[in-house]
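These notes concern the structure reproduced below.
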Amino acid sequence: MIQIIGAGAIGCLWASKLLQAGYSCHIVSRSPLSKNTLQFTDLIGKQHSFKASHGIHLLDASQQAEQSGLLVCVKAHQVLSALLQQKELIKPQQPIILMHNGYGCAEQVVKHFPNNPIICATTANASLLTDPLTITHTGAGPSYFGFYPQYSQVTQHSQVESALNSYLFPLLQVMPNAHISKNIIEKCWLKLIINAVINPLTAIHQIKNGELRMPQFAPLIQPLVLEIFAVAEAEQLSFDLNELQETVENVIAATADNFSSMNRDIHFNRETEIEFINGYLIKKAQQHNIETPILDDLYKQIKVLENH
Ligand code: PAF
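Using our numbering, you'd call the opening residue of the sequence shown number 158 and step up by one each time.
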């Protein structure tokens with residue numbers, strides 16, 4: 158059984174894929190859900206609806222199912238509080254899977270849940286939440302799951318391992334192109350780098366991702382990737398600079414018609430994930446005495462917009 162914390166676009170997407178494949182799942186939402194049906198439009202435009210009690214159980218934050226793997230799909234700045242709200246209900250060794258933009262949450266979570274295996278996950282799937290529990294799958298891409306390095310300290314390995322297999326198996330089975338990665342930190346950093354470029358720029362200028370291909374952005378994007386590359390290198394991550402520039406360009410092209418999540422957060426006056434994206438990279442840069450003027454500037458501009 159998978160319990161999904163967060164009824165946003167990504168949480169509902171995994172719930173829909175699980176339900177479609179015949180698994181049941183729980184969705185835990187911070188605010189009470191006024192509807193009891195999950196509506197899902199798949200990649201080819203086919204509509205599906207899943208009624209509560211037919212495999213899907215809608216819970217509030219004070220409830221939690223027994224014996225479940227937790228897939229946490231809230232925004233980075235909400236991860237720790239969402240888990241702490243359920244602290245009494247989370248059993249030792251229950252796997253906690255973190256799937257969000259940005260980086261740095263696992264470090265926080267492991268301090269509060271030292272006996273739970275923490276799995277970091279990243280997905281390039283995109284989906285759009287148009288109403289509560291109403292989503293459209295708008296883009297496909299790979300998803301990766303891997304242990305946060307603290308796993309080696311968790312006791313009773315074999316027990317944890319078999320539990321993990323049964324919790325991760327449904328997720329790997331229901332989403333095409335989903336894999337276990339032995340190099341999850343690198344995968345998460347790659348997503349972090351992509352988000353650190355696309356998200357603040359599209360949020361500040363209130364443009365779609367594809368508009369970053371306009372010539373005025375090239376002189377900003379290339380040195381920005383270079384700045385982040387230097388931080389990644391200092392953190393012992395071995396990316397190839399040209400490949401990195403190319404990956405960023407490819408993601409911009411592949412998601413050209415999307416509004417990035419930070420663009421939407423600013424548009425709807427919501428708190429953004431900037432602390433866990435550019436903020437995280439800036440902290441790491443400071444630890445290594447690396448100057449990051451473009452990252453700093455984007456961070457400041459988003460903070461100003463958030464405070465408006
Ligand atoms: O945050 C987002 O919106 C997405 O991670 C991405 C890849 C930038 C596409 O919009």
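Just so you know, even glycine gets a beta-carbon here, dropped at the ideal spot from N, CA and C. The model shown is predicted, which means the values in this text are computed figures rather than measured ones.
Asked: Nearest-angstrom Cα separation, counted from K348 out to L452; Found: 16 Å
Asked: beta-carbon I459 near ligand 1 non-hydrogen atom, thresh 7 Å; Found: no
Asked: The alpha helix (DSSP H) enclosing V234, as first and last residue numbers; Found: At residue 234 the sequence reads His, which differs from the Val that was named. H234 -> alpha helix (DSSP H) spans 233-242.
Asked: Status (buried if at least 16 other CB within 10 Å, exposed otherwise) for G202; Found: exposed
Asked: Beta strand (DSSP E) segments (min. 3 residues) lying fully within the region 327-355; Found: 335-337
Asked: N258 CB to nearest heavy atom of ligand 1 below 7 Å; Found: yes
Asked: Exposure of T429, with buried meaning 16 or more beta-carbon neighbours within 10 Å; Found: buried
Asked: Cβ contact (3+ pairs, closer than 8 Å) linking the region 411-425 and the region 358-372; Found: yes
Asked: Coil, strand or helix - M419 by DSSP; Found: helix
Asked: Alpha-carbon spacing of Y260 relative to T293, whole angstroms; Found: 26 Å
Asked: Inter-residue Cα distance where the pair is L455 and P357; Found: 6 Å
Asked: Meets three-Cβ-pair contact criterion under 8 Å: the region 323-342 and the region 370-378; Found: no
Asked: Range covered by the beta strand (DSSP E) that runs through H445; Found: Here H445 belongs to no beta strand (DSSP E), and DSSP marks it neither H nor E.
Asked: V405: CB within 7 Å of a non-hydrogen atom of ligand 1; Found: no
Asked: Ligand 1 heavy atom lying under 7 Å from the CB of S300; Found: no
Asked: Through-space distance from C169 to L286, alpha-carbon basis; Found: 8 Å
Asked: For L278, three-class secondary structure by DSSP; Found: Note on residue identity: the sequence assigns Ala, not Leu, to residue 278. DSSP places A278 in strand when its eight states are reduced to three.
Asked: I355 Cβ short of 7 Å to ligand 1 heavy atom set; Found: yes
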